[in-house]
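Colleague: I have a structure I would like to understand better, so I am pasting it below and will then ask my questions one at a time.
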Amino acid sequence: VRSGALANNITGYLKVVALLSLGVVAPLTGRGSLENLRPLVEGIAGAAPPLAFALALSPVLFSFLGWNASIYVASEIRKPGRNLPLSLFVGLAICTVVYLVMNLVYLYALPVAELGQVDNAGEAAARVLFGSLGGALVAGFVLASILGTLNAQVLLGPRIAYAMALDGLFFVGVDRVHAGYRTPVVAIWVQAGVAIALVLMLRTFPNALDYTTFAILLATIADTAALYALRRRQADRPRPYRAWGYPWVPALYIAANLVIAWSLLWLRSRESLISLSVLLAGLPFYLLFRARQRRRR
Numbered sequence: 001v002r003s004g005a006l007a008n009n010i011t012g013y014l015k016v017v018a019l020l021s022l023g024v025v026a027p028l029t030g031r032g033s034l035e036n037l038r039p040l041v042e043g044i045a046g047a048a049p050p051l052a053f054a055l056a057l058s059p060v061l062f063s064f065l066g067w068n069a070s071i072y073v074a075s076e077i078r079k080p081g082r083n084l085p086l087s088l089f090v091g092l093a094i095c096t097v098v099y100l101v102m103n104l105v106y107l108y109a110l111p112v113a114e115l116g117q118v119d120n121a122g123e124a125a126a127r128v129l130f131g132s133l134g135g136a137l138v139a140g141f142v143l144a145s146i147l148g149t150l151n152a153q154v155l156l157g158p159r160i161a162y163a164m165a166l167d168g169l170f171f172v173g174v175d176r177v178h179a180g181y182r183t184p185v186v187a188i189w190v191q192a193g194v195a196i197a198l199v200l201m202l203r204t205f206p207n208a209l210d211y212t213t214f215a216i217l218l219a220t221i222a223d224t225a226a227l228y229a230l231r232r233r234q235a236d237r238p239r240p241y242r243a244w245g246y247p248w249v250p251a252l253y254i255a256a257n258l259v260i261a262w263s264l265l266w267l268r269s270r271e272s273l274i275s276l277s278v279l280l281a282g283l284p285f286y287l288l289f290r291a292r293q294r295r296r297r
């Protein structure tokens, strides 16, 4: 766990430094154009239908996924009452700054119309700003970045199945911890199997992106809706963290996710329906585990 966390920290710092450095160096090359930023000032209202705009928010949302990942390892965080909310807000702020800086770099390098025609905005922008070598370097950086992301997912993702098994809501044995490394070894293998199955089934990154984003949208809608249910059913439960703006801010979050989910369901029906089918297939298992949990009580 310590080695995985250290690797995650190192790759995370390197990624942020590299991206922000690119934002500083890009305008110094003089190969882009500030005219490309004009749509940000003049506005591009009416440039895209509302449903298409909502669909475009799907990969934007994907860029921020993981902002809540520290919750998965809350039981392993020192001083969680302080560090957990701090990690959420600071992490989200860093992601927002980096995301805005990189989009300014992309727009500086290429007009909006050209950006819409490329598959890899980072590589295309780097080729304009730094030549062919720059494009190759950015492509290499993307691969290194994916390696860091995989490490984070291996570190964090299995904690979900592990916690479910601890609560009696998943298969017996998935909560088993490695005797030497103290890691949820069975849950890690479960996640690996699911990931391989999805790659074989969906085949391309855009398909996997739509599938994953739609599933996470439904999950976050359910998570946020649970906030209202818990406030009503367990009014006296200790709450060390405040939900700022309750009940309006969570409701706005649910509404925004519903709009994006509907756009995916309408315009990316195949991937969304596969995602929905997998989620619904888990419902009988949940009811079975829930019934078993109640019998034990």
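Numbered continuously in our numbering, the sequence shown closes out at residue 297. We treat Cβ as the ideally placed atom computed from N, Cα and C, and that holds for glycine.
#1: So what's Asn-68 in DSSP terms, helix, strand or just coil?
#2: Give me the residue from Leu-198, Leu-227, Asn-83 and Tyr-106 with the minimum Cα distance to Ala-124.
#3: Over what stretch of residues does the alpha helix (DSSP H) that includes Thr-213 continue unbroken?
#4: Less than 9 Å between the beta carbons of Phe-214 and Ala-261, yes or no?
#5: Which whole-angstrom value is the C-beta distance of Gly-4 and Leu-147, which I expect to be below 8 Å?
#6: When you compare only the Cα positions, how much space is there between Thr-212 and Leu-273?
#7: Going by C-alpha to C-alpha distance, which of Val-172, Ile-188, Phe-170 and Leu-169 sits closest to His-178?
#8: Helix or strand or just coil, what does DSSP make of Phe-170?
#9: Buried or exposed, going by whether 16 or more other CB atoms sit within 10 Å of the CB of Leu-110?
#10: Identify which residue in Glu-42, Leu-37, Ser-58 and Val-73 has its Cα closest to the Cα of Ala-163.
#11: So, helix, strand or coil for Lys-79, using DSSP?
#12: Check each candidate in Ala-161, Leu-92 and Ala-113 and name the one with the smallest Cα separation from Val-174.
#13: Suppose contacts are defined by Cβ-Cβ distances below 9 Å. Is Gln-293 in contact with Leu-169 by that definition?
#14: In whole angstroms, what separates the C-alpha of Pro-238 from that of Val-142?
#15: Three-state secondary structure (DSSP) at Trp-262?
#16: Could you have a look at Ser-275 and say whether DSSP puts it in helix, strand or coil?
#17: For Asn-36, does the three-state DSSP call read helix, strand or coil?
#18: Is it a yes or a no for the region 249-261 touching the region 214-225, going by three-plus beta-carbon pairs under 8 Å?
Modeller: This is what the structure gives:
#1: In the three-state reduction of the DSSP assignment, Asn-68 falls in the coil class, being assigned neither a helical nor a strand state.
#2: Closest option to Ala-124, Cα to Cα, is Tyr-106.
#3: Boundaries of the alpha helix (DSSP H) harbouring Thr-213: 205-233, taken from the DSSP string.
#4: Contact flag set, yes.
#5: Separation of the CB atoms of Gly-4 and Leu-147 is rounded to 13 Å, and the pair is thereby denied contact status at 8 Å.
#6: Going by the C-alpha atoms only, they are around 12 Å apart.
#7: Here the closest residue by C-alpha is Ile-188.
#8: Phe-170 carries a coil assignment under DSSP once its states are collapsed to helix, strand and coil.
#9: With 16 or more other CB atoms across the displayed protein chains lying within 10 angstroms of its CB, Leu-110 is buried.
#10: The option with the nearest alpha carbon to Ala-163 is Val-73.
#11: Reduced to three states, the DSSP call for Lys-79 is coil.
#12: Val-174 has its Cα closest to that of Ala-161, out of Ala-161, Leu-92 and Ala-113.
#13: Closer than 9 Å, so yes.
#14: If I take the Cα positions, the gap works out to 43 Å.
#15: Trp-262 falls in the helix class under three-state DSSP.
#16: Assignment of Ser-275 by DSSP, reduced to helix, strand and coil, places it in the helix class.
#17: Look at Asn-36 here: in three-state DSSP terms it is helix.
#18: Taking a contact to require three or more Cβ pairs closer than 8 Å, the region 249-261 and the region 214-225 qualify as touching.
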